[in-house]
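J.: Please read through the structure below; I'll follow up with questions.
Residue numbers (the numbering used here): 5 to 249.
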C-alpha cells in the first residue's frame with residue numbers, strides 16, 4: 005500500500021510507467037473492480053481525464069447537449085470521485101460507482117446539493133433517466149462479462165439518449181496497462197441494441213496523437229432511441245447522424 009502512495013505522488017509521465025511496473029511485477033492485476041476499489045482507498049483519483057482541459061471539454065459537450073435537448077434527468081454509471089461531476093449542469097442526477105470510497109467522497113462533496121444522489125452499482129434498483137452517461141469507463145471494463153452487463157444497463161435504463169465518452173477500437177490488455185482494454189463498443193451496440201441510433205460523433209479536442217502527455221484516445225458518441233421499429237431505414241437518416249468510425 006505504501007508503494008501505491010509513493011507512485012500516486014509522482015509526476016504524471018513517471019506515474020504511468022511506474023504503475024505498469026507495479027501491476028506487472030509487484031501486485032499483479034486481479035480484476036477491474038478490485039483495481040478501482042484499491043485505487044480510491046489509497047487516495048487515488050478518477051484520473052487525469054477528470055481534471056483540467058479534458059474535464060472542461062467533456063463538461064462543455066455534455067452540458068451543451070443537456071441544454072439543447074432540455075433534458076431533466078441524468079443517470080451516470082461510473083461517477084468516480086466527483087471531480088468531473090463538479091463541472092456538470094444537471095437538473096436531476098444519480099451517480100453510480102463500484103467504489104464505496106468514491107461514493108462517500110461524492111456524498112460529502114455534494115452534501116448540500118439536493119439534485120444529486122449517489123449509490124453503489126450493486127444497489128441499483130431500476131432507476132431510469134432521459135439521459136444515461138458513461139464517461140471514461142468502457143475501456144476500463146477489462147472483463148467481458150462486466151463489459152456486457154454494464155452496456156446492457158447503460159442502454160436499458162435510458163428513455164431517450166445515451167452519451168458515451170470512450171475509445172472505440174479493439175486492443176487486448178497485453179498491449180497496454182492491465183486495467184485498460186480498448187473495445188470497439190459501437191459494433192456491440194449495432195449488434196445488441198438495434199433500437200438505438202448513433203446520432204453524433206464528436207472527436208476529442210485533445211487527441212492523444214497530438215497531446216501525448218495529457219491527451220485522450222476517447223471521443224464522444226451520442227445515441228438516440230429510435231422512434232420506429234428496428235431496421236426501419238426511413239428513420240435512420242437524421243441531420244445529427246454521423247457514421248461510426
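Idealized CB from N, CA, C, for every residue including glycine.
All figures in this text were calculated on a predicted structure; none of them were measured in a lab.
#1: What span of residues does the alpha helix (DSSP H) with residue 227 cover, start to end?
#2: Out of 202, 18 and 65, state which residue places its alpha-carbon closest to the alpha-carbon of residue 208.
#3: As a quick exercise: from 7, 43 and 69, pick the residue whose alpha carbon is nearest that of residue 144.
#4: Between which two residues does the beta strand (DSSP E) containing residue 138 stretch?
#5: If you pair each beta-carbon of the stretch 127-140 with each one of the stretch 160-169, do three or more pairs fall below 8 Å?
#6: DSSP three-state label for residue 55, please.
#7: Relative to the C-alpha of residue 97, which candidate in 35, 15 and 86 has its C-alpha closest?
#8: Roughly how many angstroms separate the alpha carbons of residue 128 and residue 90, rounded to a whole number?
#9: Indicate whether residue 36 and residue 146 have their beta-carbon atoms separated by less than 8 Å.
#10: Compare the Cα-Cα distances from residue 162 to each of 175, 199, 152 and 187 and report the closest residue.
#11: How many Å lie between residue 218 and residue 157 at the Cα?
#12: To which residues of the same chain is residue 49 closer than 6 Å at the C-beta, ignoring the five residues directly before and after it?
#13: Mark residue 59 as exposed unless 16 or more other C-beta atoms lie within 10 angstroms of its C-beta, in which case mark it buried.
#14: Can you check whether the CB of residue 77 is closer than 8 Å to the CB of residue 104?
#15: Per DSSP, what are the beta-bridge partners of residue 101 in this structure?
#16: Give the DSSP bridge partners of residue 186, in chain order.
#17: Sort 220, 205, 204 and 203 by Cα distance to residue 211 and report the nearest one.
#18: Check residue 3 in the structure and name its three-state DSSP category.
#19: Check the Cβ-Cβ distances between residue 90 and every residue of chain C, and say whether any is below 8 Å.
#20: Would residue 101 and residue 172 be called neighbours here (beta carbons separated by less than 8 Å)?
#21: Go to residue 166, then tell me how far its beta strand (DSSP E) extends in each direction, as first and last residue.
#22: Using the C-alpha atoms, what's the distance from residue 231 back to residue 54?
#23: In terms of DSSP beta bridges, what is residue 40 paired with?
T.: Concretely, from the data shown:
#1: Here the question's residue 227 lines up with position 223 in the chain shown. First-last for residue 227: 223-229, but that is the beta strand (DSSP E), not the alpha helix (DSSP H).
#2: On the chain shown, residue 208 is found 204 positions in, with the first residue counted as 1. Residue 65 is the option with its Cα nearest to residue 208.
#3: As a first step, residue 144 must be located in the chain shown, where it is residue number 140. Among 7, 43 and 69, the Cα nearest to that of residue 144 belongs to 43.
#4: Working through the chain shown from its first residue, we reach residue 138 at position 134. Looking at the DSSP string, the run of the beta strand (DSSP E) that includes residue 138 is 133-139.
#5: yes
#6: For the purposes of this step, residue 55 is identified with residue 51 of the chain shown, where counting begins at 1. Residue state, collapsed to three classes: coil.
#7: Along the chain shown, one-based indexing puts residue 97 at 93. Closest by alpha carbon: 86.
#8: Along the chain shown, one-based indexing puts residue 128 at 124. Along the chain shown, one-based indexing puts residue 90 at 86. Cα to Cα, residue 128 sits roughly 22 Å from residue 90.
#9: Mapped onto the chain shown, residue 36 falls at position 32. Mapped onto the chain shown, residue 146 falls at position 142. For residue 36 and residue 146, yes; Cβs fall inside 8 Å.
#10: As a working mapping, residue 162 is identified with position 158 in the chain shown. Out of 175, 199, 152 and 187, 199 has the C-alpha closest to the C-alpha of residue 162.
#11: The count along the chain shown starts at 1 and reaches residue 218 at position 214. The count along the chain shown starts at 1 and reaches residue 157 at position 153. The alpha-carbon atoms of residue 218 and residue 157 are separated by roughly 30 Å.
#12: By 1-based counting over the chain shown, the position of residue 49 is 45. Here the set comprises 85.
#13: For the purposes of this step, residue 59 is identified with residue 55 of the chain shown, where counting begins at 1. Per the 10 Å Cβ criterion, buried.
#14: Within the chain shown, residue 104 is the residue found at index 100, counting from 1. Within the chain shown, residue 77 is the residue found at index 73, counting from 1. It is not a contact, given that the beta carbons lie outside the stated cut-off.
#15: Against the chain shown, residue 101 aligns to sequence position 97. 124.
#16: Start at 1 with the first residue of the chain shown, and residue 186 comes out as number 182. Looking at the DSSP assignment, residue 186 forms a beta bridge with 175.
#17: As a first step, residue 211 must be located in the chain shown, where it is residue number 207. It is 220.
#18: A query on residue 3 cannot be resolved here, the shown segment of the chain reaching from 5 to 249 and no further.
#19: In the displayed structure, chain C is absent; only one protein chain is listed.
#20: The residue you call residue 101 lines up with position 97 of the chain shown. The residue you call residue 172 lines up with position 168 of the chain shown. For residue 101 and residue 172, no; Cβs fall outside 8 Å.
#21: Mapped onto the chain shown, residue 166 falls at position 162. Start and end: 162-170.
#22: Residue numbering aside, residue 54 sits at position 50 when the chain shown is read from its first letter. Residue numbering aside, residue 231 sits at position 227 when the chain shown is read from its first letter. The alpha-carbon atoms of residue 54 and residue 231 are separated by roughly 34 Å.
#23: Against the chain shown, residue 40 aligns to sequence position 36. Paired residue(s): none; residue 40 is not in a bridge.
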